[in-house]
Structures are given as structure tokens and as C-alpha cells.
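Counting along the sequence shown from 1, when you hit position 116 you're at 121 in this note's numbering, and nothing is skipped either side. We treat Cβ as the ideally placed atom computed from N, Cα and C, and that holds for glycine. Working notes, beginning with the structure itself.
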Amino acid sequence: MADNVAITAGAGTTIATDDVSGIHFQRVKLVDGTLDSTTVIAAGGGVEGAALRVTIASDSTGVVSVDDNGAALSVDDNGGSLTVDGAVDVLGDVAHGTTDSGDPVKVGGRAKNVFPTAEANDDRVNAMFDLFGRLMVGGIPADLMTWKSFNAATQQTGADVWSPAAGKRIAITSVAISVYGTTAGRLILWFGDNADTTYSAGTDQLLVAYSYAPSATLKERDFLVFPYPGHTCTTADRELHITTDAAMSVDIALTGYEW
């Protein structure tokens, strides 16, 4: 309950207190600065329907609820730092399929020089950038590319040209083939399992197949560039194999990556 206690100050002045079990705590009123006024400083401004409100629940345990009343809510850290403890849902102010408006939001991602493990379908993932902050969407940075070379002067039956790391797929971005000597024949580059050495047309995944007829005066060359993301093997752990039907002299150079 509230009680007044007389104190000796001139003719005697009373002060407002709160009596708690016989102990008096002085009551202090916030005013608007006008002398002798009873107007109390209000939190917020304007009419109730438009004012921002701070509500402290009667059973509050220290949690303060802030209601923006359907308006905009600004938080000023006063030049310091603002820390939010717990889960916070951040949503854009413009829904999908509606007219764009407002200022853009600056976003970041993870800098990577190796490909991460593939996630499950419909999982949320991090945006991926190269080590210079370039978003990896239109090409593969040089530090993720690799190259392979192969040479043979004898007939090949499913020999390995490129064996990927365990669990990886091969993506080819360019192939250079040079056939020299005088032996003509057909050359096939294809993807197959480690134990598979026989190319089966229509079953095994084909990269390139050409027939060459070099001579002592005419060598044959092919250079192919595959657009991003390249010619990608559809199955992990499959190797790039070469098959020829004669003892051709051949040089092969490839660029690509594993993912």
C-alpha cells in the first residue's frame, strides 16, 4: 500500500512512499519538466493506435515483449554492438511473385578451393564463392581445375586415362587429341567402372569417338571445348577409359575437375 511519511523540512513536508513490511521506499514521479505539473512522461508518442509499445508482463521473468503495432521497428545500438540471443527468423519484405521494391540486402557465402560434399535434394546450402569472393556460378576457378595427359603407340582396350578420387565424378571441360604415325583406326574415350574394359555403345557413357587415318605427311588433331559444366560423368568413381581398334600413336590432353 502507499503511505505518506512526514519529514522535518521547514513547516513539515510529506513525501510519498511505498510501505513494504514496515519499510518505506520513496516513490518518484517522472514529469514532463513543467513545474507543478502532474503530466507524466509517456513512452512513445502519438495516439495509442499508432504508437510503438513496450509491454512488461505482470508475470515477467525478465523478458520484455516489443510490439511494432503493424508499423516499422528500428533498433539503434548507439554506436555499439547489438546481440540477439536465441533463434531469430528474418524474412524479406517482398513476397515471391510480387513487384520488387525496397533496397537490396548484401549477402555473403563460403570461400572454397575444393568442392564440398553434395547434399541431399531440397536441403538448404551455403552460397559458394572462390577465394577471391567471386560467386561460383558461371565457371570453375583455376585452383579447382586439373589436367591429365595420355600417350600410347599400341592398341588400347579400356585403359585408364583419368581415375577420380574415391566418391568423386569426373567433369571434362576440354579434350585435345593428336594422332601421329601412319596407323589408322578408331579412338573412343568413355566412362566406365574400374573393372570394365569393354566399351558397349548405348550402355557406357561416351565422351568422344573418332576415326583417324594419319599418314607420313598428314597428322590428325582434334581439340574440343565443352561448355560449363562440361561433359560430366553421371556416376561417381567411374574412370575415363580409352579404346582403340589398332596400334595407333596418340597423345591426349584433358582439363576438367572432380566433384
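- Separation of L212 and E124 (C-alpha to C-alpha, rounded to the nearest whole angstrom) is 27 angstroms.
- By the criterion of a C-beta distance shorter than 6 angstroms, H246 is surrounded in its chain by G163, W195 and G197, once the five residues flanking it on both sides are discounted.
- The residue among D94, N156, A171 and D23 with its C-alpha nearest the C-alpha of A252 is N156.
- For the pair T203 and L136, the Cα-to-Cα distance works out to about 41 angstroms.
- Comparing alpha carbon positions, the residue from H236, S216, Q161 and D209 closest to V180 is H236.
- In its chain, beyond the 5 residues on either side, S216, Y217, A218, P219, A251 and M253 have a beta carbon closer than 8 angstroms to the beta carbon of A189.
- Excluding the 5 residues flanking it on each side, S26 has no same chain C-beta neighbour closer than 6 angstroms.
- Contact between the region 226 to 245 and the region 109 to 116 is not established, with fewer than three Cβ pairs separated by less than 8 angstroms.
- As far as DSSP is concerned, S205 takes part in no beta bridge.
- Across the set G261, M133 and T248, the C-alpha of T248 shows the shortest separation from the C-alpha of D165.
- Taking all protein chains in view, the Cβ of T178 is crowded by 16 or more other Cβ atoms within 10 Å, so the residue is classified as buried.
- Between the C-alpha atoms of R191 and K153 there is a straight-line separation of about 21 angstroms.
- Spatial neighbours of L149 in its own chain (CB-CB distance under 6 angstroms, excluding positions within 5 residues in sequence) are listed in chain order as Y262.
- If you draw a straight line from the Cα of I28 to the Cα of V112, it comes to about 57 angstroms.
- Between I257 and I182, the C-beta gap is smaller than 9 angstroms, which places the two residues in contact.
- A direct Cα-to-Cα measurement between D98 and L87 gives close to 22 angstroms.
- DSSP lists no bridge partner for Q161.
- Straight through space, the alpha carbons of Q161 and T222 are spaced by roughly 24 angstroms.
- Membership of V33 in any beta strand (DSSP E) is not indicated, and neither H nor E is assigned to it by DSSP.
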